[in-house]
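To start, the structure itself, in structure tokens.
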Amino acid sequence: MFTKFLDTSRIEVWKRLVEFKDVGILAGGTALSMQINHRISYDFDVFTDKPIDDRFLLKLKKIFWEYEVEPMVDTGDELTVMLSGNVKLSFVYFPFVKLEKAVETDSLDLFSINDLLANKAYALGRRKTWRDYVDIYWALKNNLIDLKKLITITEQKFDGVFSAKLFLEQLVYFSDVAEIEVDWTGEKVENEDIKKYLFDEVTNYLK
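Structure (structure tokens):
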């Protein structure tokens with residue numbers, strides 16, 4: 236598991252998150268980066284299989300007692316806080332079954348690579364972010380998965396609420412997504428190269 240991309244403050248938060256091991260599983264770009272070490276990720280997204288309890292914020296403040304805990308979102312579906320104005324931490328209700336066994340760590344368990352990629356494919360039809368394109372690009376480019384399998388496992392995981400047609404359309408439509416600079420751990424990849432690669436992948440898939 237890769238954690239060197241985490242700075243000192245995030246390493247400390249990561250260690251403290253062991254207190255929530257029975258609450259949820261680490262998802263998002265940070266969980267993926269910990270497994271494939273492709274880019275620096277700054278936030279912690281924890282997916283839970285139960286709605287967020289009204290008392291959860293109090294529990295969070297007790298565990299991070301020496302931090303300034305600033306709530307940003309506080310609903311039954313999501314609790315997002317900023318810790319001392321530096322580290323964003325989210326707990327998100329996610330009622331979908333895992334495809335594979337979670338990856339065990341000394342802190343929170345991680346969603347598997349396939350689970351994380353399926354989550355990102357599903358998200359493209361909802362709250363798309365440039366980082367999701369980046370992560371899917373990297374996985375395809377480095378043969379962690381192919382487009383056919385990605386669609387298959389996403390359909391399996393999100394049965395009835397995932398549209399392969401919409402996903403393929405979104406994968407090559409970039410006008411409504413804000414491109415950001417990616418902090419790569421290795422050689423930099425230009426955004427235009429990512430777009431071209433994804434366009435070619437979808438074109439070849441549809442042949």
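Residue numbers (the numbering used here): 236 to 442. From the three backbone atoms N, C-alpha and C, an ideal C-beta is built for every residue, glycine too.
The alpha helix (DSSP H) enclosing residue i, as first and last residue numbers
i, result
"serine 325", "Taken as a continuous stretch (DSSP letters only), serine 325 belongs to no alpha helix (DSSP H), being part of the beta strand (DSSP E) at 322-328."
"glutamate 414", "From DSSP, glutamate 414 is part of no alpha helix (DSSP H); its letter is neither H nor E."
"valine 316", "Not the alpha helix (DSSP H): valine 316 falls in the beta strand (DSSP E), residues 313-318."
Close-in-space but distant-in-sequence residues of the same chain around residue i (CB under 7 Å, 5 per side omitted)
i, result
"leucine 359", "Asp367, Phe402, Gln405, Leu406"
"tyrosine 357", "Thr389, Phe393, Phe397"
"lysine 430", "Phe409"
"valine 316", "Leu295, Val304, Glu305, Pro306, Met307, Leu324"
Near the ligand PLP: residue i beta-carbon under 8 Å from a heavy atom
i, result
"arginine 366", "Although the ligand PLP was asked about, the structure shown includes no ligands whatsoever."
DSSP state of residue i mapped onto helix, strand, coil
i, result
"leucine 345", "strand"
"methionine 236", "coil"
"alanine 262", "strand"
"tryptophan 419", "strand"
"phenylalanine 255", "helix"
"arginine 362", "coil"
"arginine 187", "This structure gives no information on residue 187, because the portion of the chain shown stretches from 236 to 442."
"valine 490", "Outside the shown range of the chain, which is 236 to 442, sits residue 490, and nothing can be said about it."
Nonlocal neighbours in the same chain, by C-beta distance under 8 Å from residue i, ignoring five residues either side
i, result
"proline 330", "Asp284"
Residue burial classification, residue i (beta-carbon count within 10 angstroms, cutoff 16)
i, result
"lysine 392", "buried"
"glutamate 422", "exposed"
"asparagine 321", "exposed"
"glycine 259", "buried"
"tryptophan 373", "buried"
Residue i - containing beta strand (DSSP E), residue span
i, result
"phenylalanine 434", "Counting along the chain, phenylalanine 434 falls outside any beta strand (DSSP E), though it belongs to the alpha helix (DSSP H) covering 426-440."
Own chain partners of residue i with C-beta closer than 6 Å, once the 5 adjacent residues on each side are dropped
i, result
"phenylalanine 282", "Gly259, Ile260, Ala262, Val327, Phe329"
| task | Could you tell me whether the region 299-316 touches the region 394-401, using the rule of 3 or more Cβ pairs below 8 Å? | result | no
| query | Can at least three beta-carbon pairs, one atom from the region 339-352 and one from the region 378-392, be found at a separation below 8 Å? | reply | yes
| Would you call the region 334-347 and the region 310-326 in contact, with 3 or more CB pairs under 8 Å? | no
| said: Count Cβ pairs between the region 262-273 and the region 287-297 that sit closer than 8 Å; are there 3 or more? | reply: no
| task | Flag this pair as touching only if the region 304-312 and the region 254-265 have three or more C-beta atom pairs under 8 Å; answer yes or no. | result | no
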